[in-house]
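Those letters in the sequence shown? Residues -13 to 696, by this note's numbering.
Think of the CB as a built atom: it goes at the ideal place given N, C-alpha and C, for glycine as much as any other residue.
Here's the structure, in structure tokens; my notes come after.
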Amino acid sequence: MNKNSLLVELFVEELPPKALKKLGEAFAGVLRDQLVAQGLAEAGSVLTPYASPRRLAAHLTHVAERAADKAVSQKLMPVAVGLDASGQPTPALLKRLAALGADASAVPGLKRAMDGKAEALFYESTAKGATLAEGLQKALAEAIAKLPIPKVMSYQLESGCEMPGWSSVSFVRPAHGLVALHADTVVPIEALGLKAGRETHGHRFEAAVDPVVLRDANSYALQLQDDGAVIASFEARRAEIARQLAAAAVKVGGGSVPIHDDALLDEVTALVERPNVLVCSFEPEFLEVPQECLILTMKANQKYFPLLDASSKLTNKFLVVSNITPDDASAVIQGNERVVRPRLADAKFFFDQDRKKSLASRVESLGKVVYHNKLGTQGERVQRVMHIARGIAEKLGDATLAAQATQAAQLAKADLVTDMVGEFPELQGTMGRYYALHDGLDAAVADAIEDHYKPRFAGDELPRNSVSLAVALADKLETLVGMFGVGNLPTGDRDPFALRRHALGVIRMLIEKDLALGLDALLQDAAAQFSAIDGFDGSKATVELRDFILDRLAGSLREQGASAQEVDAVLAPLPQRLGEVPKLLAAVRAFAALPAAAALAAANKRIGNILKKAPEADAHVSELLLQEPAEKALHAAMAQVVPAANAQFDAGDYTGSLQTLAALREPVDAFFTDVMVNAEQADLRLNRLGLLMSLHAAMNRVAQLERLAV
């Protein structure tokens, strides 16, 4: 069967840039999957997606003109229903066959096979494979229906429909052309009021010919580039932009590099069809403004690539990715420089105006900013964060640290009422640091104002010093406790207050900085700051929130490679100092690899079950009541092993402690083999239970080893 490459293209008006990459991948992927499912394409067919501002396309190798015929076996009915006593077909069977396009002549050829407990009749036939036109029509309709369109447009068709000017279709943008080529043959399909052909269009202004008449499916990308001045592949266009950006930076010299921003690069790739990178500049005096402000306005508003020098400082040069390539680019360069100048002037104006008032003078204004309808204003929130931060700082350091943390917490939100942050909310914290330094505040306090939002996302850096840590922890705990206390809990698909992210931030700070802070104490101290809030639920703010945080921690540890049993063993005792968790987990994982681990874990579980049924027991053991050799041997082994293991535990050597306890495997096994724990004599029974209780306590100091038992 003839198999050739297939090319399908939808030519449309400018697509939404932030969604283009996803749209292109989805369009091509669904087309391929549908054709493979229908037997028209091979599972190993090579798919090449194309996406430019005005087109979605897919190129697929090894596509057949017609799918292979398929043998189909259809169950009709039980034999007892389809055939009478003499073996003749019943009316029910004849009616069923007629519905399938067959008659009584097909009865002798029916297959009889067991279906469950009864024998049934099966009609075997051959289903004709779909033609490419049929299959592609279905696949294209499915690809259009499944596009992850941000917002659908409805528009009227002017031709090719029953009611020109009235009939409407819905798509992400109005479509103006459809190409479907199998090798060099047009596949007769339709979509969005368009009939497939071989003509497409290139660049709006720079195409060598229009329309571009495609020779065959394989010439698509090359013809568009040569005749249409369009790089159709999103990835190829992106790579070309990156290459030109790097080359332009080298041409500028001085070790300059374009700012690295994958999201910006993707968006610019979705805005141009044939990129042309140009070097522009602005007045050096604008560099007096914090570079974060200038970079943000150039990236967010103008889609420019700022240039940094060898020390990562912003220069007064920036790169523009133009969609045209004129012989003289000076007009394009001057136009972009003229456009960016007012933006930079606004940033400079905001910066100059903001510095006329100190951060401290702005704190009062936070009392007019609503934080949450149940939790009050930002001013009230600041007071809570101040008290929580002071408490944390007192535990971590001295009075100086507590004073700095309190001051930083008081000023941390003050930049929210500045002009710069009002214009660029992304700069909150960053501008607070600049303004704090301008006010002459200590560098540690200024750093804490910026750092208290960290970590902002997975993998983000942590706060840089103790003041920053205290304020960042306080800020996140205030948010978590407050929202849990008033019932704003995250759901499966919604977390508007980013509580999961805040919880992971708390976990990372406590663990990676190994802070000597207990989780329960932190939550209780934070909850105490909400005592005046009506309807505040202290239980949700402490107990449920603690479980929520530990659940996030468990998920994080599993993602890092620990098994569910190992994580459960470590977290089941509810460790208060989360900084100890990595060492505890490492100890458990090392213990689990020992030959004695499985037997000791099973014994630990058995001991736990025994003790649950013996509430009257205590850990007292009398040597005079030890009668059996096995219980004497276990007691003697414990007398040697347990003190050594406890000493290692107290010294923080959790791995060594568990490995020392592994020496108890043989005496434990012998005890359960030879000793009746629940002896009829009460004093013997209680003594043996006491021995097991002492053993259970010793074995579970590091983790609940029974959780390792399969």
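Close Cβ partners of residue i (< 7 Å) along its chain, the five nearest in sequence each way excluded
{"i": "Ala460", "result": "Val371, Ile374, Ala375, Ile378 and Ala395"}
{"i": "Met741", "result": "There is no way to answer for residue 741, as the model of the chain reaches only from -13 to 696."}
{"i": "Gln390", "result": "Asp428, Ala430, Val431 and Val453"}
{"i": "Val661", "result": "Glu614, Ala616, Glu617 and Arg674"}
{"i": "Ile596", "result": "Val663 and Leu678"}
{"i": "Lys(-11)", "result": "His48, Val49 and Ala50"}
8 Å Cβ shell around residue i - same chain, five flanking residues per side excluded
{"i": "Ala99", "result": "Glu105, Ala106 and Phe108"}
{"i": "Ala92", "result": "Leu83 and Tyr109"}
{"i": "Glu350", "result": "Gly365"}
{"i": "Asp533", "result": "none"}
{"i": "Tyr290", "result": "Cys266, Met284, Phe304, Leu305, Val306, Asn322 and Val326"}
{"i": "Leu423", "result": "Ala429 and Ala432"}
{"i": "Thr76", "result": "Val67, Gly68, Leu69 and Asp70"}
Boundaries (first-last residue) of the alpha helix (DSSP H) holding residue i
{"i": "Ser347", "result": "Leu345 to Arg348"}
{"i": "Met284", "result": "Gln277 to Gln288"}
{"i": "Glu380", "result": "Gln364 to Leu382"}
{"i": "Met662", "result": "Per DSSP, Met662 belongs to no alpha helix (DSSP H) and is neither H nor E."}
{"i": "Leu257", "result": "Premise fails: Leu257 is in no alpha helix (DSSP H) and is neither H nor E."}
{"i": "Asp138", "result": "For clarity, residue 138 is Val in the given sequence; the question names Asp instead. From DSSP, Val138 is part of no alpha helix (DSSP H); its letter is neither H nor E."}
{"i": "Tyr421", "result": "Thr416 to His424"}
{"i": "Phe534", "result": "Leu531 to Glu545"}
{"i": "Thr392", "result": "Ala385 to Leu397"}
{"i": "Asp433", "result": "Ala429 to Asp437"}
{"i": "Phe336", "result": "Ser316 to Asp340"}
Same chain only: Cβ atoms within 6 Å of residue i, ignoring 5 sequence neighbours per side
{"i": "Ser344", "result": "Asp425"}
{"i": "Ala74", "result": "The sequence shown places Gln at residue 74, not Ala. Cβ within range, chain order: n/a, list empty."}
{"i": "Glu323", "result": "Cys266"}
{"i": "Leu(-7)", "result": "His45, Leu167, Ala203 and Tyr206"}
{"i": "Glu552", "result": "Val574 and Arg575"}
{"i": "Asn590", "result": "Met685, Leu691 and Glu692"}
Straight-line Cα distance separating residue j from residue i
{"i": "Val49", "j": "Glu(-1)", "result": "29 Å"}
{"i": "Ala649", "j": "Leu580", "result": "11 Å"}
{"i": "Glu278", "j": "Leu691", "result": "51 Å"}
{"i": "Leu251", "j": "Arg224", "result": "7 Å"}
{"i": "Glu185", "j": "Val158", "result": "21 Å"}
{"i": "His189", "j": "Ala161", "result": "16 Å"}
{"i": "Gly638", "j": "Ala249", "result": "45 Å"}
{"i": "Val155", "j": "Leu143", "result": "7 Å"}
{"i": "Pro270", "j": "Gln369", "result": "41 Å"}
{"i": "Leu1", "j": "Pro39", "result": "5 Å"}
{"i": "Ala233", "j": "Ala512", "result": "53 Å"}
{"i": "Lys237", "j": "Gly15", "result": "40 Å"}
{"i": "Phe268", "j": "Gln320", "result": "10 Å"}
{"i": "Lys569", "j": "Tyr640", "result": "7 Å"}
{"i": "Gln510", "j": "Val467", "result": "9 Å"}
{"i": "Leu709", "j": "Leu164", "result": "Any answer about residue 709 is impossible in this case: the structure gives the chain only from -13 up to 696."}
{"i": "Asp213", "j": "Phe191", "result": "12 Å"}
{"i": "Lys124", "j": "Pro261", "result": "35 Å"}
{"i": "Gly183", "j": "Leu210", "result": "16 Å"}
{"i": "Ala66", "j": "Gln20", "result": "40 Å"}
{"i": "Ala616", "j": "Ala695", "result": "23 Å"}
{"i": "Gln515", "j": "Lys462", "result": "14 Å"}
{"i": "Ala578", "j": "Val22", "result": "46 Å"}
{"i": "Gly115", "j": "Lys81", "result": "26 Å"}
{"i": "Arg494", "j": "Leu455", "result": "11 Å"}
{"i": "Ser153", "j": "Ala129", "result": "22 Å"}
{"i": "Lys137", "j": "His246", "result": "29 Å"}
{"i": "Phe(-3)", "j": "His187", "result": "8 Å"}
{"i": "Leu300", "j": "Arg341", "result": "21 Å"}
{"i": "Gln414", "j": "Ile175", "result": "53 Å"}
{"i": "Ser700", "j": "Ile519", "result": "Because the chain in this structure spans residues -13 to 696, residue 700 falls outside the shown range and cannot be described."}
Limits of the unbroken beta strand (DSSP E) element including residue i
{"i": "Phe108", "result": "Ala104 to Ala113"}
{"i": "Ser(-9)", "result": "Lys(-11) to Val(-2)"}
{"i": "Asn752", "result": "In the structure as shown, the chain starts at -13 and stops at 696, and residue 752 therefore has no counterpart that could be examined."}
{"i": "Leu118", "result": "Taken as a continuous stretch (DSSP letters only), Leu118 belongs to no beta strand (DSSP E), being part of the alpha helix (DSSP H) at Leu118 to Ala131."}
{"i": "Val701", "result": "Coverage of the chain is limited to positions -13 through 696, which leaves residue 701 absent and any answer about it impossible."}
8 Å contact criterion, which residue i and residue j should meet: CB distance rounded
{"i": "Gly594", "j": "His682", "result": "6 Å"}
{"i": "Ala29", "j": "Lys132", "result": "Contact flag wrong, Cβ pair sits at about 20 Å."}
Cβ-heavy atom distance, residue i to the ligand GTP, below 6 Å
{"i": "Glu269", "result": "Within the structure as shown, the ligand GTP is missing, as the structure has no ligands at all."}
Cutoff 7 Å: residue i Cβ touching any chain C Cβ
{"i": "Thr465", "result": "Given the protein chain composition of this structure (a single chain), no chain C is represented."}
Cβ contact (3+ pairs, closer than 8 Å) linking the region 412 to 423 and the region 388 to 402
Judged by Cβ distances under 8 Å, the region 412 to 423 makes contact with the region 388 to 402, as three or more pairs qualify.
Quick one: any contact between the region 562 to 569 and the region 502 to 509, if contact means 3 or more CB pairs under 8 Å?
A contact is defined here as three or more CB-CB pairs under 8 Å, and the region 562 to 569 meets this definition with respect to the region 502 to 509.
So, do the region 654 to 671 and the region 537 to 555 have three or more beta carbon pairs nearer to each other than 8 Å?
No contact exists between the region 654 to 671 and the region 537 to 555.
Would the region 540 to 559 and the region 519 to 530 be scored as touching if the rule is three or more Cβ pairs under 8 Å?
The region 540 to 559, when compared against the region 519 to 530, does not touch it at the 8 Å Cβ threshold.
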